[in-house]
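Asker: Residue numbers (the working numbering): 34 to 268. Below you'll find the structure I mean.
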C-alpha cells in the first residue's frame with residue numbers, strides 16, 4: 034500500500050481497535066504519525082465511549098498534554114444497529130444508534146476543533162456510509178444516522194473554513210469487518226447485491242482514502258463526502 038508522509042503528525046483514531054479504524058491507524062503509523070486509538074475495547078490506547086462527551090474531551094486533553102498537539106482525527110467508531118423493520122425499531126434502539134454514530138461524531142469534532150483551529154492546522158475524517166445516501170431496508174436508524182454524519186461533515190467543514198482545518202467524510206459500501214457479525218444474512222446479502230463490483234470492500238481499501246484526506250496532499254477539499262462503494266453510489 035502507498036503511504037503518505039505523516040512525520041511529526043499526531044492522530045486520534047476512534048474505533049481504532051478493529052475494522053476500518055484499525056486499518057487507518059496502521060496506515061497512518063506506516064507514514065510516520067504518532068497514533069492514539071480510542072475504543073471501548075481494552076486493546077485501544079485509550080478506553081472510552083464516543084457517546085459520552087466527557088470520555089472524548091478527556092482523551093483529547095490527554096493526547097494534547099502528552100504529545101503537545103493533535104493534528105488528525107479519524108472518527109471511525111460506529112455501530113450498525115439491529116436488522117429490523119421500521120415498525121419494530123424501539124425508541125431505545127433508535128437512540129442507541131444515534132448516540133454512537135451521530136452524537137459521537139459531533140462530540141469528537143467539538144473536542145478537537147479548538148486546538149486545531151488555534152494552531153491553524155487540522156484534518157478531520159468522519160466515517161459515514163453509503164446507507165446514508167441511499168438508505169438500506171431493515172436499517173432505518175443506521176441509514177438515518179449516517180445521513181446525519183454526512184450533513185455534519187458539510188456543516189462543520191463550512192463552519193471552520195479558513196482556519197486551516199479541513200473536514201471530510203467517507204461513505205463506504207459494505208466492508209468486511211467484525212461489524213457484519215451483528216447483521217442478519219439477509220441484510221448483508223442485500224448490501225453486497227447492490228455493489229456493481231460484486232464483492233465487499235476491505236478495511237485497507239477504505240483506509241487508503243482516509244489517509245489521503247488526512248494528509249497535506251488534501252488541501253482544497255472540505256465539507257465533502259467521498260464514496261468508496263464498489264460502484265454502488267449513484268450521487
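Note that CB positions come from ideal geometry on N, CA and C, so glycine has one too.
Tell whether a beta-carbon distance below 8 Å holds between residue 240 and residue 53.
Answerer: For the purposes of this step, residue 240 is identified with residue 207 of the chain shown, where counting begins at 1. For the purposes of this step, residue 53 is identified with residue 20 of the chain shown, where counting begins at 1. Yes. Within cutoff.
Asker: With residue 155 as the anchor, note down where its beta strand (DSSP E) starts and where it stops.
Answerer: The residue you call residue 155 lines up with position 122 of the chain shown. Residues 155-160.
Asker: Leaving out five residues on either side along the sequence, give the residues of the same chain with a beta carbon under 8 Å from the beta carbon of residue 102.
Answerer: Position 69 of the chain shown holds residue 102. If we look at residue 102 and ignore the five residues flanking it on each side, its Cβ neighbours are 43, 148, 152.
Asker: Need the endpoints of the alpha helix (DSSP H) that residue 61 sits in, please.
Answerer: Walking along the chain shown from the start, residue 61 turns up at place 28. Element bounds for residue 61: 52-63.
Asker: Rounding to the nearest angstrom, what Cα-Cα distance links residue 228 and residue 262 in this structure?
Answerer: Here residue 228 refers to the residue found at position 195 of the chain shown. Here residue 262 refers to the residue found at position 229 of the chain shown. Approximately 7 Å, taken between the alpha carbons.
Asker: Rounded to the nearest angstrom, what separates residue 114 and residue 248 at their Cα positions?
Answerer: For this step, residue 114 is matched to residue 81 along the chain shown. For this step, residue 248 is matched to residue 215 along the chain shown. Straight-line Cα distance between these residues: approximately 31 Å.
Asker: Within the region 92-176, note down every full alpha helix (DSSP H) run reaching 4 residues or more, in order along the chain.
Answerer: Counting only runs of 4 or more, we get 124-131, 137-152, 164-167.
Asker: Output the distance between the C-alpha atoms of residue 104 and residue 179, rounded to the nearest integer angstrom.
Answerer: Within the chain shown, numbered from 1, the residue matching residue 104 stands at position 71. Within the chain shown, numbered from 1, the residue matching residue 179 stands at position 146. Approximately 24 Å between the Cα atoms of the pair.
Asker: Confirm, please, whether the CB-CB distance from residue 108 to residue 81 is below 8 Å.
Answerer: Translated into positions along the chain shown, residue 81 becomes position 48. Translated into positions along the chain shown, residue 108 becomes position 75. Not a contact, by the Cβ cut-off of 8 Å.
Asker: Which residue's Cα is closest to the Cα of residue 56: 251, 38, 260, 235?
Answerer: The count along the chain shown starts at 1 and reaches residue 56 at position 23. Among 251, 38, 260, 235, the Cα nearest to that of residue 56 belongs to 235.
Asker: Would you mind reading off the limits of the beta strand (DSSP E) that contains residue 268?
Answerer: Here residue 268 is taken as the residue at index 235 of the chain shown, counted from 1. Per DSSP, residue 268 belongs to no beta strand (DSSP E) and is neither H nor E.
Asker: From 100, 83, 219, pick the residue whose C-alpha is nearest to that of residue 131; which is it?
Answerer: Taking the chain shown and counting its residues from 1, the one referred to as residue 131 is at position 98. Nearest C-alpha to residue 131: 83.
Asker: Taking a contact to mean a Cβ-Cβ separation below 8 Å, would you say residue 204 touches residue 258 in this structure?
Answerer: Within the chain shown, the letter at position 171 stands for residue 204. Within the chain shown, the letter at position 225 stands for residue 258. Yes.
Asker: Just the C-alpha distance for residue 117 and residue 172, rounded to the nearest angstrom, thanks.
Answerer: As a working mapping, residue 117 is identified with position 84 in the chain shown. As a working mapping, residue 172 is identified with position 139 in the chain shown. Each residue's Cα considered, the two are about 6 Å apart.
Asker: Which first and last residues belong to the beta strand (DSSP E) in which residue 210 is found?
Answerer: Here the question's residue 210 lines up with position 177 in the chain shown. Element bounds for residue 210: n/a, residue is neither H nor E.
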